[in-house]
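Reviewing the structure listed below.
Numbering (the working numbering), first residue to last: 29 to 372.
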């Protein structure tokens, strides 16, 4: 059964994320589907210095971001720990940031503190813009909304209905993000009728996990330097750009060969609600101290939970890794769709 598209009235407050029930088998199995994504917020940065300002604050190159592309990026504390993560793109003369809804207010407030004399203003655009995900066989549906579809990952197209961005495939499905005026998005999705099912937003969370794309939510704030969550691998860090908060620590981790922790893909069997962001992991050979942490988790189609877990690389060599305590549920590790760099 299809899930109704979320209206502004049922979206979560900025300080929390909506809690979704386990998607149905039909939601997971739909060959093509649309998903409302109330778990995301949108920040607009306007002004002549919008890109220059963000370039000085985020981990990626925003100054040279062209109008046909989107980029992942992170926002770090002075200690190099991630406060938030974004998908970033040009929107007219400004820049638009897609961010986890539960950290939006905090990162927007903190970024605004550092605008100083720059000609840049940050505003919450979440009330006026809706975010929707499309996955699988969706070309016909999207072709009725946009004149052309983006032909590569992080390529974007703009039109009267908003912006469409191709994001990494997951579980063998092509994926697109649509960000547009709320009234337009609501009307267009309603007009899809029975041609494309509208399914649970939790399916998108699962697809992001299968794509190996970590998302910084509130439990993960200030827990990880970018490399711990593979941001250097998935293109969210530019090591050639100038300074940003925490840049020295991020660069030192990269060039001194000190990356001893990474994010891996794992599965926890059983119907447990304890697999969630921020829960610590423990290794059978060293039960007294944590060896990692859940970054993101989502219900898996065949039962249990799939998760992206930040973990000591040494913990993957032998023994078993457990959730929450040394006698907790065992994690089964799977293969990410990309490889970690080989350390020199």
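For every residue, glycine included, the Cβ atom is placed at its ideal position computed from N, Cα and C.
Collapsed DSSP secondary structure at residue 311 in the structure displayed:
Working through the chain shown from its first residue, we reach residue 311 at position 283. Of the three classes helix, strand and coil, the one that applies to residue 311 here is strand, per DSSP.
I need the boundaries of the beta strand (DSSP E) containing residue 83, first residue and last residue.
The sequence position of residue 83 within the chain shown is 55, counting from 1. That residue, residue 83, is in no beta strand (DSSP E); its alpha helix (DSSP H) goes 78-83.
Leaving out the 5 sequence neighbours to the left and right, which residues in its chain are closer than 6 Å to residue 152 when beta-carbon positions are compared?
Walking along the chain shown from the start, residue 152 turns up at place 124. Hits under 6 Å: none found.
Tell me the DSSP bridge mates of residue 175?
Locating residue 175 in the chain shown gives position 147, where the first residue counts as 1. Looking at the DSSP assignment, residue 175 forms no beta bridge with any residue, so it has no partner.
What's the C-alpha gap between residue 150 and residue 332?
As a first step, residue 150 must be located in the chain shown, where it is residue number 122. As a first step, residue 332 must be located in the chain shown, where it is residue number 304. Distance between the alpha carbons of residue 150 and residue 332 is about 39 Å.
Selected residue, minimal CA-CA separation from residue 49, among 80, 62, 315 and 234
Mapped onto the chain shown, residue 49 falls at position 21. Comparing Cα positions, the closest option is 234.
DSSP three-state assignment for residue 56, whether helix, strand or coil:
The residue given as residue 56 occupies position 28 in the chain shown. In this structure, residue 56 counts as helix in the three-state DSSP scheme.
Out of 90, 339 and 369, which has the shortest C-alpha to C-alpha gap to residue 285?
Here residue 285 corresponds to residue number 257 of the chain shown, with the count starting at 1. That would be 369, whose Cα lies nearest to the Cα of residue 285.
Coil, strand or helix - residue 304 by DSSP:
Start at 1 with the first residue of the chain shown, and residue 304 comes out as number 276. Three-state DSSP puts residue 304 in coil, outside helix and strand.
8 Å contact criterion, which residue 326 and residue 334 should meet: CB distance rounded
For this step, residue 326 is matched to residue 298 along the chain shown. For this step, residue 334 is matched to residue 306 along the chain shown. Contact flag correct, Cβ pair sits at about 6 Å.
Neighbourhood of residue 223 by C-beta distance below 7 Å, restricted to the same chain and skipping five residues each side
For the purposes of this step, residue 223 is taken as residue 195 along the chain shown, with counting starting at 1. Closer than 7 Å at the Cβ level, and outside the excluded window around residue 223, lie 169.
Compare the beta carbon distance of residue 308 and residue 257 with 9 Å and say whether it is the shorter of the two.
Numbered from its first residue, the chain shown carries residue 308 at position 280. Numbered from its first residue, the chain shown carries residue 257 at position 229. Their beta carbons are not under 9 Å apart, which means residue 308 does not touch residue 257 by this criterion.
If you drop the 5 nearest sequence neighbours on each side, which residues of the same chain put their C-beta closer than 7 Å to that of residue 78?
The sequence position of residue 78 within the chain shown is 50, counting from 1. Once the five neighbours on either side are set aside, the close Cβ partners of residue 78 are 122, 123 and 148.
Within 10 angstroms of its Cβ, does residue 291 collect 16 or more other Cβ (buried), or is it exposed?
Indexing the chain shown from 1 puts residue 291 at position 263. The residue in question, residue 291, is buried, as its Cβ has 16 or more Cβ neighbours within 10 Å.
Does residue 194 get closer than 9 Å to chain C when you measure Cβ to Cβ?
Among the chains in the structure shown there is no chain C, since it carries only a single protein chain.
Are the region 159-168 and the region 85-97 in contact at 8 Å, needing three or more beta carbon pairs?
Output reads no: the region 85-97 does not touch the region 159-168.
Touch check for the region 59-67 and the region 214-233: three-plus C-beta pairs under 8 Å?
yes
Ignoring anything shorter than 3 residues or poking outside the region 61-118, list the beta strand (DSSP E) runs there in chain order.
68-74 and 98-104
Which term fits residue 347, buried or exposed, when burial requires 16 or more other beta carbons within 10 angstroms of its beta carbon?
The count along the chain shown starts at 1 and reaches residue 347 at position 319. Taking all protein chains shown into account, residue 347 has fewer than 16 neighbouring C-beta atoms within 10 Å of its C-beta and is therefore exposed.
Alpha-carbon to alpha-carbon, residue 55 and residue 31
The residue labelled residue 31 in the question sits at position 3 within the chain shown. The residue labelled residue 55 in the question sits at position 27 within the chain shown. A caution first: residue 31 carries a pLDDT of 40, below 50, which makes its placement in the model unreliable, though a value can still be read off. Distance between the alpha carbons of residue 31 and residue 55 is about 9 Å.
Could you tell me which residues DSSP pairs with residue 324 in its beta bridges?
The residue labelled residue 324 in the question sits at position 296 within the chain shown. Beta-bridge pairing links residue 324 to 336.
Are residue 207 and residue 126 close, meaning C-beta to C-beta below 9 Å?
Looking up residue 207 in the chain shown gives position 179. Looking up residue 126 in the chain shown gives position 98. Result yes, Cβ atoms of residue 207 and residue 126 sit closer than 9 Å.
Residue 275 to residue 265 span [Cα, whole Å]:
Counted from its first residue, the chain shown places residue 275 at position 247. Counted from its first residue, the chain shown places residue 265 at position 237. About 10 Å.
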